[in-house]
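**Q** Below is the structure I would like to discuss, written out as structure tokens.
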Amino acid sequence: LQERGALGFERHYHVTDPFIRRLGLEAELQGHSGCVNCLEWNEKGDLLASGSDDQHTIVWDPLHHKKLLSMHTGHTANIFSVKFLPHSGDRILITGAADSKVHVHDLTVKETVHMFGDHTNRVKRIATAPMWPNTFWSAAEDGLIRQYDLRENSKRSEVLIDLTEYCGQLVEAKCLTVNPQDNNYLAVGASGPFVRLYDIRMIHNHRKSMKQSPSAGVHTFCDRQKPLPDGAAQYYVAGHLPVKLPDYNNRLRVLVATYVTFSPDGTELLVNMGGEQVYLFDLTYKQRPYTFLLPKKCHTSGEVQNGKTSTNGVSNGIHLHSNGFRLAEGRAHVSPQVELPPYLERIKQQANEAFACQLWTQAIQLYSKAVQKAPNNAMLYGNRAAAYMKRKWDGDHYDALRDCLKAISLNPCHLKAHFRLARCLFELKYVAEALECLDDFKGKFPEQAHSSACDALDRDINAALFSKSDNAEDKKGGGPIRLRATGRKDSISEDEMVLRERSYDYKFRYCGHCNTTTDIKEANFFGSNAQYIVSGSDDGSFFIWEKETTNLVRVLQGDESIVNCLQPHPSYCFLATSGIDPVVRLWNPRPESETLNGRVVLDMEGASQANQRRMNADPLEVMLLNMGYRITGLTSAGAAGSDDEDSSEGQVQCRPS
């Protein structure tokens, strides 16, 4: 047990694929009388705290299914967050609630020892950090991130970050978390698609220097003091979401980050984006958004859209001129493609067969499985892009665009990837860029210039340009529609615009769940090596994906209505969940001798399609769906809710290689 490899062995094998596939319900912990909105393990993993609408917190012995302590927190509204204070011997518990209060409790005497009432709206999350003893943070819907220090003989807190200075009075902070490996970094989720990462130490040093400066109190109109120093904040966003905001707003579909968390090694950030999907951001190998999110005048020949610096203006076989995409000059020559090993060739053929049967998700998962083993095969990326374009779930066309660019980077003469790139740009509403990309495609592949697929896309693009809708004009003119808001209360500052322009894109996207009904829905890493991703859902299930392939591997029914909370045990294959039901459920691998688990959702594809329809239904339809009525007129083929199937695409686009 003392060997060097013991810890690594334990971490690698405590959550494995066979365990995941045998995961089932072990016990239900009963004691609350309202929805259980938050769960928290202590560091050792022998205690579990829960908070509820009943304004009580309960501390459980989850390994023996016992209630150890129950106390009224003094809150007058729903509890949304509960945290053990590090280095307190599990004696101090912190709660945040809808009454805008943060309370500190001493569990040994069952008393509330501090009550902070500095927020002016609902407190949604508390965060702690081992490196900051007696310190914690809160995020609330007044747009403030506050920091508390229990060492000070005071019942007040200080504002660490004021989002209203950047986004106007209507912005709401929803969640926050501290990097477990470097406690100086704090991630914040709020209303809108952007997730923010802050350097706490840099903010504090900036404010200390401002206080010590003799001219700190003297300001002129030209010498405006920034609330945060340069470099103290970095934004992350799924590249397609900012330009989708007007469409979502028109359909009363709200984008809001409901949960953020770091991977155990602190190198990745996971976000459950309300109104959309779950996204993973790589904090080490960052990449810029692939699409045209900046005004055209900001693009230079040395600027690249895939996050890699280019000095000659060429990236992935594409010239990036000031007016958009331009394919590499010269006639295409077919480049040799490295053959796949036999077992991967079989997987590819299975994926092609699934594609032929219009089983888009199955095809995507098989291609993804092959891509993980052969990350430099252009054909796999091109084929997966075709499957994404057929499935048309939220974000699929953007993932297809990313795959097309990857395929072109590996094989600059990949004909189908070039054409699909133009189609993706059109579907993403970049009409002018799609036209230029298509024109370059025709020049590079003249034998395809008059194919039915080219003609069909040409007609679509020209029709869109001719319509001159306001939305198309904004994109065509390069107007930064993602940056500006209309009302004075919702005004976006210049500093905020700059930070948004510098945002980084996601690495992986996880689909299948639905997150539109509650704004506390969690997504978490499962396993000390973060091998899996778990998320709650509005359909009462929770979903488990392989992190690296993004493939869905397990769906379990975790609540009669909605699963909001999922907190994995720090060292066992053990998961605690809660939601609308007044119980906490514990899940672990069940013995092979047990009969079939009745909570397993066998039709994972059907559940995922239903959730895509739910996310794109209007509020009335969602209400009827929750009441048990069947919604007609929404088919799986139109699950994304915005794109019409083009029956005349032609072989160049739709048939996999």
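If you read the sequence shown in full-length UniProt numbering, its first letter stands for residue 1, the second for the next number, and so on. Every residue, glycine too, gets a C-beta built ideally from N, C-alpha and C.
Closest to residue 207 by C-alpha separation, out of 536, 606, 226, would be which residue?
**A** On the sequence shown, residue 207 is found 207 positions in, with the first residue counted as 1. Nearest C-alpha to residue 207: 226.
**Q** Using three-state DSSP, classify residue 445 as helix, strand or coil.
**A** Numbered from its first residue, the sequence shown carries residue 445 at position 445. Residue 445 falls in the coil class under three-state DSSP.
**Q** Run the CB neighbour count on residue 18, radius 10 Å, all protein chains shown included, and call it buried at 16 or more, exposed below.
**A** Numbered from its first residue, the sequence shown carries residue 18 at position 18. So residue 18 ends up on the exposed side.
**Q** Is the beta carbon of residue 274 sitting closer than 9 Å to the one on residue 519?
**A** To locate residue 274, count along the sequence shown from 1; it is residue 274. To locate residue 519, count along the sequence shown from 1; it is residue 519. A contact, by the Cβ cut-off of 9 Å.
**Q** On the CB-based measure, 16 or more other CB atoms within 10 Å of its CB, does residue 463 come out buried or exposed?
**A** Within the sequence shown, numbered from 1, the residue matching residue 463 stands at position 463. Looking at its Cβ environment, which holds fewer than 16 other Cβ atoms inside 10 Å, residue 463 is exposed.
**Q** Return the CA-CA distance between residue 80 and residue 96, expressed in angstroms with no decimal places.
**A** Start at 1 with the first residue of the sequence shown, and residue 80 comes out as number 80. Start at 1 with the first residue of the sequence shown, and residue 96 comes out as number 96. The alpha-carbon atoms of residue 80 and residue 96 are separated by roughly 6 Å.
**Q** Going by beta carbon distance, what residues of the same chain come within less than 6 Å of residue 22, once the five residues before and after it are set aside?
**A** Position 22 of the sequence shown, counted from the first residue, corresponds to residue 22. If we look at residue 22 and ignore the five residues flanking it on each side, its Cβ neighbours are 589, 590.
**Q** From residue 530 to residue 582, what does the alpha carbon distance come to, in whole angstroms?
**A** Counted from its first residue, the sequence shown places residue 530 at position 530. Counted from its first residue, the sequence shown places residue 582 at position 582. About 29 Å.
**Q** Which residue's Cα is closest to the Cα of residue 128: 251, 50, 193, 148?
**A** For the purposes of this step, residue 128 is taken as residue 128 along the sequence shown, with counting starting at 1. The residue with the shortest Cα to Cα distance from residue 128 is 148.
**Q** Give me the Cα-Cα distance between residue 118 and residue 262, rounded to the nearest whole angstrom.
**A** By 1-based counting over the sequence shown, the position of residue 118 is 118. By 1-based counting over the sequence shown, the position of residue 262 is 262. Taking the straight line joining both Cα atoms gives about 27 Å.
**Q** What does a CB cutoff of less than 7 Å around residue 139 pick up in its chain, not counting 5 residues either side in sequence?
**A** Taking the first residue of the sequence shown as 1, we reach residue 139 at position 139. Contacts found: 124, 125, 145, 173, 174, 175, 176, 188.
**Q** Just confirm the distance between the C-beta atoms of residue 577 and residue 587, as a whole number of angstroms; I'd bet it's less than 8 Å.
**A** Counted from its first residue, the sequence shown places residue 577 at position 577. Counted from its first residue, the sequence shown places residue 587 at position 587. Going by Cβ atoms, the distance from residue 577 to residue 587 rounds to 7 Å, so yes, they are a contact pair.
**Q** Within 10 Å of its beta-carbon, does residue 130 have 16 or more other beta-carbons around it, so buried, or fewer, so exposed?
**A** Here residue 130 is taken as the residue at index 130 of the sequence shown, counted from 1. By the neighbour-count rule (16 or more Cβ atoms within 10 Å), residue 130 is not buried but exposed.
**Q** Candidates 527, 562, 496, 510: which alpha carbon is nearest residue 171's?
**A** Position 171 of the sequence shown, counted from the start, is the residue given in the question as residue 171. Nearest of 527, 562, 496, 510 to residue 171, Cα basis: 496.
**Q** List the DSSP bridge partners of residue 557.
**A** To locate residue 557, count along the sequence shown from 1; it is residue 557. Answer is 541, bridged to residue 557.
**Q** When the Cα atoms are used, what is the spatial distance from residue 593 to residue 238?
**A** Taking the sequence shown and counting its residues from 1, the one referred to as residue 593 is at position 593. Taking the sequence shown and counting its residues from 1, the one referred to as residue 238 is at position 238. Going from the Cα of residue 593 to the Cα of residue 238 covers about 44 Å.
**Q** Between which two residues does the beta strand (DSSP E) containing residue 196 stretch?
**A** The residue given as residue 196 occupies position 196 in the sequence shown. First-last of the beta strand (DSSP E) with residue 196: 195 to 199.
**Q** Determine, using beta-carbon pairs with one atom in the segment 253 to 273 and one in the segment 417 to 430, whether at least three such pairs fall under 8 Å.
**A** no
**Q** Span of the alpha helix (DSSP H) holding residue 454?
**A** For the purposes of this step, residue 454 is taken as residue 454 along the sequence shown, with counting starting at 1. Note, residue 454: alpha helix (DSSP H), 452 to 467.
**Q** So, does the CB of residue 371 fall closer than 9 Å to a CB anywhere in chain D?
**A** Absence of chain D from the displayed structure is noted, only one protein chain being present.
**Q** Would you call the segment 505 to 515 and the segment 243 to 255 in contact, with 3 or more CB pairs under 8 Å?
**A** No contact exists between the segment 505 to 515 and the segment 243 to 255.
**Q** Return the CA-CA distance between residue 179 and residue 186, expressed in angstroms with no decimal places.
**A** The residue you call residue 179 lines up with position 179 of the sequence shown. The residue you call residue 186 lines up with position 186 of the sequence shown. Answer to the nearest angstrom: the Cα atoms are 6 Å apart.
**Q** Using 8 Å as the cut-off, can you tell me whether the segment 54 to 72 makes contact with the segment 29 to 38, which would need three or more C-beta pairs spanning the two stretches below that distance?
**A** yes
**Q** Kindly indicate which three-state DSSP category residue 384 falls into: helix, strand or coil?
**A** By one-based count along the sequence shown, residue 384 stands at place 384. Three-state DSSP puts residue 384 in a helix.
**Q** Whole-angstrom Cβ separation of residue 69 and residue 44, contact assumed at under 8 Å?
**A** Position 69 of the sequence shown, counted from the start, is the residue given in the question as residue 69. Position 44 of the sequence shown, counted from the start, is the residue given in the question as residue 44. Going by Cβ atoms, the distance from residue 69 to residue 44 rounds to 16 Å, so no, they are not a contact pair.
**Q** According to the Cβ coordinates, are residue 613 and residue 556 closer than 9 Å?
**A** Within the sequence shown, residue 613 is the residue found at index 613, counting from 1. Within the sequence shown, residue 556 is the residue found at index 556, counting from 1. Contact: no.
**Q** Can you tell me where the alpha helix (DSSP H) with residue 132 in it begins and where it stops?
**A** For the purposes of this step, residue 132 is identified with residue 132 of the sequence shown, where counting begins at 1. Looking at the DSSP string, residue 132 is not in any alpha helix (DSSP H), and its letter there is neither H nor E.
**Q** Taking only three categories from DSSP, how would you classify residue 608?
**A** Taking the first residue of the sequence shown as 1, we reach residue 608 at position 608. Reduced to three states, the DSSP call for residue 608 is helix.
**Q** Using three-state DSSP, classify residue 72 as helix, strand or coil.
**A** Here residue 72 refers to the residue found at position 72 of the sequence shown. Strand at residue 72.
**Q** Spatial neighbours of residue 363 within its chain, please: CB distance less than 7 Å, with the 5 preceding and 5 following residues excluded, ordered by chain position.
**A** Residue numbering aside, residue 363 sits at position 363 when the sequence shown is read from its first letter. Residues of the same chain with a CB within less than 7 Å of the CB of residue 363, apart from the 5 flanking positions on each side, are 351, 354, 355, 387 in chain order.
**Q** I believe residue 361 touches residue 605 by the beta-carbon criterion, under 8 Å. Please report the beta-carbon distance rounded to the nearest angstrom.
**A** As a position in the sequence shown, residue 361 is number 361, starting the count at 1. As a position in the sequence shown, residue 605 is number 605, starting the count at 1. Confirmed, about 5 Å.
**Q** Residues in its own chain within less than 6 Å of residue 83 by CB, not counting five upstream and five downstream?
**A** Reading the sequence shown from its first residue, position 83 is the one you call residue 83. Cβ neighbours of residue 83 beyond the five flanking positions: 40, 94, 126, 128.
**Q** What number of angstroms, rounded off, separates the C-alpha of residue 255 from the C-alpha of residue 437?
**A** If you number the sequence shown from 1, residue 255 lands on position 255. If you number the sequence shown from 1, residue 437 lands on position 437. Roughly 30 Å between the two C-alpha positions.
**Q** With H, G and I counted as helix, E and B as strand and the rest as coil, what does DSSP make of residue 507?
**A** Your numbering for residue 507 matches position 507 in the sequence shown. Coil at residue 507, not helix or strand.
**Q** Tell me the DSSP secondary structure of residue 109 in three-state form.
**A** Position 109 of the sequence shown, counting from 1, holds the residue named residue 109. Three-state DSSP puts residue 109 in coil, outside helix and strand.
**Q** Quick check: the segment 389 to 400 against the segment 365 to 373, are there 3 or more CB pairs under 8 Å?
**A** In short, these stretches do not touch, since the Cβ pair count stays below three.
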